[in-house]
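Just so we're aligned, residue 1 is where the sequence shown starts under the numbering used here, counting upward by one.
Where a beta carbon is used, it is the ideal one built from N, C-alpha and C, also for glycine.
These figures come from a predicted structure and were not determined experimentally.
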Amino acid sequence: MKQLKFENISFKYRKKDIINDLNLTLDGKKCTALVGPNGSGKTTIGKLLMGILKPEGGCIYYDDLDISNNNLSYLGGRIGYLFQNPAKQIFAVTVRDDLGFPLRMNGEKEEIIHKKIDSMTDLFHLEKIIDSKCHLLSQGEKQRVALASIFMREPEYLILDEPTTSLDQVRKEMLGQSLKKVKEKGVGILLISHDKKFVESYADEIIEMGDL
């Protein structure tokens, strides 16, 4: 079973302790919600796990492999990260082009790319917008497109940073259903959120930062 472990992790920002001697184990097959007030270190934990930030002390393990100092290219093939603003992760003109972008960059065959685009279109409910211009999409649509682009690379684990921000209830439910399908594929999820109702509906376990 996949596990992600933080052992005695510390991190400072502008000489201020954000995380101090953190020990935390995440089940790589579950949806774990990380909750707590602003400034409690939720987003920092996600970025440390992804390799965007480096810990000042301690080790981070991914299936017993120390990833504390591995680069983003190594982790990017295993862990997908959805930023609070999904527009920052959308590069192409149309949704179809954006989904194909990461695989084309890696020289994948067009036949395989097209099959994966069809699969992601179904998984994330993109049928009505697949040929739309990305800059014209709503916030909820951008969320789903960004997630679909991440899953074109078949990650083993997913980090979502405040994914329900600016989403109405219908879009939240669509996102939640997509996450259920993702988990059914054996992909674990770290859900960083202030949205109590969404967290209680879709997370397998909830961790309060104040309890760590």
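Alpha helix (DSSP H) segment containing residue i, residue limits
| i | result |
| --- | --- |
| VAL95 | 95 to 105 |
| GLU200 | 196 to 202 |
| ILE113 | 110 to 123 |
Cβ shell of residue i (< 6 Å), same chain only, five flanking positions each side left out
| i | result |
| --- | --- |
| TYR61 | LYS5 |
| THR164 | LYS172, ASP195 and PHE198 |
| ASP66 | CYS59 |
Best match in the options for proximity to residue i [C-alpha to C-alpha]
| i | options | result |
| --- | --- | --- |
| LEU214 | LYS109, LEU123, VAL182 and ASN20 | For the chain, the structure presents residues 1 to 212; residue 214 sits outside this window and is missing. |
| ILE192 | HIS135, SER119, ASN20 and TYR81 | TYR81 |
| ASP118 | ASN70, LEU99, ASN106 and LEU26 | LEU99 |
| ASP17 | ILE129, GLY39 and CYS134 | GLY39 |
| ASP64 | LEU26, LEU147, ALA203 and GLY41 | LEU26 |
| ILE129 | ILE112, ARG96 and GLN139 | ARG96 |
| GLU8 | LEU24, LYS2, LYS15 and ARG14 | The sequence shown places Asn at residue 8, rather than the Glu named in the question. With distances taken between Cα atoms, ASN8 lies closest to LEU24. |
| LYS180 | ILE19, CYS31, ASN20 and ALA148 | CYS31 |
| PRO55 | LYS185, LYS2 and ASN69 | ASN69 |
| ASP131 | VAL145, GLN139, GLY140 and TYR202 | VAL145 |
| GLY76 | ASP204, GLY58 and ILE150 | ILE150 |
| ASP168 | LEU190, MET152, GLN143 and LYS185 | GLN143 |
| GLY140 | VAL170, THR121, ILE112 and ARG153 | VAL170 |
| LEU174 | LEU123, PRO37, GLU208 and GLY107 | Residue identity differs from the one stated: residue 174 is Met in this sequence, not Leu. Nearest option by C-alpha distance: LEU123. |
| MET209 | ALA87, ARG14 and THR44 | THR44 |
| SER138 | ILE90, LYS29, LEU190 and GLY46 | ILE90 |
Boundaries of the beta strand (DSSP E) in which residue i is found, first to last residue
| i | result |
| --- | --- |
| ASP161 | 157 to 161 |
| ILE192 | 188 to 192 |
| GLU205 | 205 to 208 |
Residues near residue i by beta carbon distance below 7 Å, same chain, minus five either side
| i | result |
| --- | --- |
| ILE206 | ALA33, VAL35 and VAL199 |
| PRO155 | ARG78, ILE79, GLY80 and VAL187 |
Beta-bridge pairing of residue i - partner residues as DSSP gives them
| i | result |
| --- | --- |
| GLU184 | The partner list for GLU184 (beta bridge, DSSP) is empty, contrary to what the question assumes. |
| LEU82 | LEU160 |
Contacting residues, own chain, Cβ-Cβ under 8 Å from residue i (five flanking each side not counted)
| i | result |
| --- | --- |
| GLY176 | PHE198, SER201 and TYR202 |
| LEU72 | MET50, GLY51 and ILE52 |
| SER10 | ASP17, ILE19, ASN20, ASP21, LEU22, PRO55, GLU56, GLY57 and GLY58 |
- Runs of beta strand (DSSP E) wholly within the region 3 to 78 (minimum 3 residues, chain order): 3 to 13, 16 to 27, 31 to 35 and 57 to 62
- Taking only runs of the beta strand (DSSP E) that begin and end inside the region 129 to 175, which ones reach a length of at least 3 residues, in chain order? 157 to 161
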